[in-house]
Structure formats: structure tokens, C-alpha cells
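Down below is the structure, laid out as C-alpha cells.
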Amino acid sequence: MASVTLSSVHKAYGDTKVVKGISLELKSGGFLALLGPSGCGKTTTLRMIAGLENVDAGTIHIDSQLVDGPNVRIPPEKRELGMVFQSYAVWPHRSVKENVGYPLSLRGVSKSDIDRRVKEALDWVRLAAFADRMPSQLSGGQLQRVAIARALVAQPKVLLLDEPLSNLDMALREELRGEIAALRARLGTTMIFVTHDQHEALALADHVAVMNKGVIEQLDSPRTIYEAPATPYVAGFVGGSNLLEGTAADGTFTSHGISFVLPDSLKTVTGPGTLAVRAEAMALGQPDGTPLPLLARLFLGHSMEFRLALGDQILRVINSADEAAGTGTLTARITAAHFFPASRT
Ligand SMILES: Nc1ncnc2c1ncn2[C@@H]1O[C@H](COP(=O)(O)OP(=O)(O)OP(=O)(O)O)[C@@H](O)[C@H]1O
Ligand SMILES: [Mg+2]
């Protein structure tokens, strides 16, 4: 187990700046999720920590050791990290136990020690019964378990996981998500997990770094990220808030020429800015509601989603199915929101 520290890390491919000054500190035994949309630089950041790419500027430390920085380039195999990729990256012509034991045989570990440690690692991922199978005889979820066991077998200082669950179907993804949480609790390994799935990040990690275009917009606990987003971008990406551009005055917010009564907590805000409103934070058919044209109604099982028109913007509202009556126009009242003054956005 080790801590990981990035200070002002930059990386460009040609003229394209991909990582633009990322700093973070993950304590030994911590679990960090790098969360963001496609192309924001998550994999590049992870690959730099692994040593598969080198920083253009800035430094990376693992514990107190400088592994990447000016004139220092510690190669991946000397960093003692484990890595799991989105594509299973399991060698097709080696059996499960040969795959898992390979990192140990590279290090010259004795045959009997390899056997013992492979068995232990396969136990961790509940694959003990599959040791002699070939990869072609395994499901996607089992292949990814092999990759996790192989990454863990040498007891890495840090386990790096790059969207390890993205290729799996939903049920398997949820199952393996629980197993990763259990493994982490059992082994206490420092973990960095890359994902574009907010549910995965919030559910698994103790720290979430929300990335946007090569920078970290917010690095906080999952609860703080969800309940107190630092920027409109974070509010929109995590929790899927509607982002309304407009002006607050006298306890109302006006966007696209249409006014909403602000919730009590925001009665005193004034001026131009962005109002972030979660789909669940609007009540329909209430007094004080703003009438809006109903565009579509989607049945979600436990609730309904309503799409309402606000000028040329579509507002998503999730509400109990009872409000489904009425057609044409629904009134919506904002029950909770975050206001970001224009100067800060
Ligand atoms: N080897 C490379 N050469 C040139 N450009 C690259 C290279 N690797 C990545 N990029 C570019 O850098 C940007 C960030 O890529 P990166 O793989 O880090 O994104 P990501 O956040 O992991 O995205 P995804 O969720 O799609 O995996 C992208 O625009 C990508 O096209
Ligand atoms: Mg990626």
C-alpha cells in the first residue's frame, strides 16, 4: 500500500493539451475515482501514474518516491503497481492460473510460492474452481476477475483500474462492483478507479475527482460531490441537474423569459447565473408552480419522467406517477437548487 501524489501534471499529444495541471493527493489505502466524460483525460492520467506515459511537466510521487518529473522516469515495472484495463487483456493461450501467475514468474518467484499465491488470488475473486480453464471458456465477468487477480497477485502498492466494468452487462457490472468494494475492504489496497459512470464512482470510492477537459473541477467525498457541487459542470454531470441560465431577483429566477419561484434557501440570491436543478427537485401541479408545455412522459417503473419545454431547452422532471394526469401544460415548482453566480461560472 502506498500514497499517490500528483502535482501540476501536464500532458499533451502534439498540439493537443490533454491533461492541464492536475494535482491530487491520495493517502495510502484510499480509494479515488476519476470521473468524467469521454476524452477528458482519465486514461491518460492513469497511464502516467502507471508509467505507461510520461508527464510533460509536474511530478508524480508514489509514497515519498519521485517516479516521474524533471529528469526522473521510473519505468512501469519498477513502480510495483497493478493495472486492470477495460478490455480484459487476458492472454488467450494461457490458462487462468498461468495468467494470474505470470507477473510472479517474471520476478523469479519459486514455483511453490507461485502456486500458493495464485490460489490465494483466485480465492479473492471467487475463481478457485476455474484455475485450469482457458480464457475462451470464461464469461466476460470471469475474464475481468482473472485480470483483477493477476493485477493483485504481486501485492501492488496501488491498484489502477481503467473502466474495468464497462464491457459487462448491467447485472454483472453491479455484481462485480460489490466484489471490488469487498476486495478493497479485505485487502486495504490503495485504488484508483477510472469511470464515466457517476453511480460507479459515487458507490465505490471515498474520494471522487470530477474531471472536465483535462482539469479536475472538484475533488471531494462522494456525498459532498452530490450534495454540494462546486461548479455547474459538476452539478450537471453528477446527478444530472438541469442547468438554467438566467437572472435571480426578488426571490424568483428568470430563464428564457419565464420566471420560477426560488426555494426558501435561495430567496436572497440576486444577479445573473446558473441555477442547477435536479430532475427530482421539482414538484408538479403545486401552487406557485410555473406552467410549462409538456413534451413527453416516460414511465420509469418507480416514477415518471416528464420532459417540459423551457424556451428551446428541455427540463427533465422525475416525479411520482400520480402527477401523470393533465396534458398540454404542467406547473413545475423548484423545491431545491444550487445557484452559481455568473462571475464564478
Ligand atoms: N496516444 C495518443 N495520441 C494522441 N492523442 C491521444 C492519445 N491518447 C489519447 N489521446 C487524446 O487525448 C484525449 C484524452 O484521452 P483519454 O484516453 O485520456 O480520455 P478518457 O477520459 O480516458 O476518455 P474515455 O472515457 O473515452 O476512455 C482524447 O482527446 C484522446 O483522443
Ligand atoms: Mg479512457
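Numbering (this note's numbering), first residue to last: 30 to 374.
For glycine and all other residues, C-beta sits at the position ideal for the given N, C-alpha and C.
Residue burial is scored here from C-beta neighbours: S372 has fewer than 16 other C-beta atoms within 10 angstroms and is therefore classed as exposed. At a Cβ-Cβ threshold of 9 Å, L75 and V267 do not count as neighbours.
Pairing A211 with E192, the inter-Cα distance amounts to about 18 Å.
In the three-state scheme derived from DSSP, where H, G and I count as helix and E and B as strand, G130 is classed as helix.
Taking 8 Å as the cut-off, the C-beta of S294 does not count as close to any heavy atom of ligand 1. Residues D191, E192, P193, S195, N196 of the same chain have their beta carbon placed closer than 8 Å to that of Q115, with the five preceding and five following residues left out of the count.
Comparing alpha carbon positions, the residue from L321, L327, E309, P370 closest to T360 is L321. The beta strand (DSSP E) runs of length 3 or more contained entirely in the segment 87–114 are, from start to end of the chain, 94–98, 110–113. Scanning the segment 293–345 from its first residue to its last, the whole beta strand (DSSP E) runs of 3-plus residues come out as 300–306, 311–313, 319–328, 333–339. Counting only runs of 4+ residues, the alpha helix (DSSP H) found wholly inside the segment 135–181 occupies 140–153, 169–181, in chain order.
A Cβ closer than 7 Å to some heavy atom of ligand 2 marks a residue here, and those residues are K71, T72, D191, E192, V223. Q247 counts as buried, since at least 16 other C-beta atoms from the protein chains shown sit within 10 angstroms of its C-beta. In the DSSP annotation of this structure, the continuous segment of the beta strand (DSSP E) that includes R362 starts and ends at 358–363.
Inclusion of L188 and M112 in the CB contact set at 9 Å is warranted, their separation being smaller than that value.
In the three-state scheme derived from DSSP, where H, G and I count as helix and E and B as strand, T283 is classed as strand.
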